[in-house]
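Structure first, then comments.
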Amino acid sequence: MRLGVIEYIDSAHYLPGHTTCGCMHGHTYKVELIISGEKKETGMVMDFYDMKTILRKVLSEYDHRCLNEIVEFPSVENICESAYNKLKDQIPYPFVLRMWEGKGKWCEMGDL
């Protein structure tokens, strides 16, 4: 069974040396956390509240920040990898983290 939650962050960044993305600009990132597991005696795999609490805590480090202060080259791939690594020890199930950079562009990391 799979469960998912969605959160959003707004952040600025620039990609050093990139022709068009080399100047400071911002995005609204849509972040999806999808877990896979079996229902427990409670009738749930994991409480949505717990999933959102963990995800919000990790994302708070990136929200309304200049991502260059957190990730050396803040491409969506590197931002997703950074957040995924912070979630690894906190999510007790196989999971996928999908990070959308604006509309129509995303990176996904993890295994279900």
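Reminder that position 26 of the sequence shown reads as 25 in numbering that gives the first Met the number 0, one-by-one numbering, no gaps. Note that beta-carbon positions come from the ideal geometry of N, C-alpha and C, so glycine has one too. Bear in mind the structure is a predicted one, so any value in this text is a computation, not a measurement.
For a quick check, are the C-beta atoms of residue i and residue j less than 8 Å apart?
{"i": "tyrosine 13", "j": "glycine 25", "result": "no"}
{"i": "valine 75", "j": "methionine 98", "result": "yes"}
{"i": "lysine 29", "j": "valine 57", "result": "no"}
{"i": "tyrosine 48", "j": "threonine 27", "result": "no"}
Starting from residue i, trace the alpha helix (DSSP H) both ways and give me its first and last residue.
{"i": "glutamate 68", "result": "Run containing glutamate 68: none; DSSP gives neither H nor E here."}
{"i": "serine 74", "result": "Where serine 74 is concerned, there is no enclosing alpha helix (DSSP H), given that its DSSP letter is neither H nor E."}
Can you tell me which residues form a DSSP beta bridge with residue i?
{"i": "tyrosine 7", "result": "Lys29"}
{"i": "phenylalanine 94", "result": "Ile34"}
{"i": "glycine 42", "result": "Answer is none; glycine 42 lacks a bridge partner."}
{"i": "arginine 55", "result": "In the DSSP output, where bridge partners are listed per residue, arginine 55 has none listed."}
Once the 5 residues before and after residue i are set aside, which same chain residues still bring their CB inside 6 Å of it?
{"i": "isoleucine 5", "result": "Glu31"}
Can you give me the C-alpha to C-alpha distance between residue i and residue j, rounded to a whole angstrom?
{"i": "aspartate 110", "j": "aspartate 88", "result": "15 Å"}
{"i": "glycine 42", "j": "tyrosine 92", "result": "16 Å"}
{"i": "lysine 51", "j": "asparagine 67", "result": "25 Å"}
{"i": "leucine 54", "j": "glutamate 80", "result": "14 Å"}
{"i": "aspartate 112", "j": "glutamate 40", "result": "A question about residue 112 goes unanswered here, because the residues of the chain that appear run from 0 up to 111."}
{"i": "serine 10", "j": "lysine 38", "result": "36 Å"}
Residues in its own chain within less than 8 Å of residue i by CB, not counting five upstream and five downstream?
{"i": "arginine 1", "result": "Ile33, Ile34, Ser35 and Leu111"}
Between which two residues does the beta strand (DSSP E) containing residue i stretch?
{"i": "cysteine 106", "result": "105-109"}
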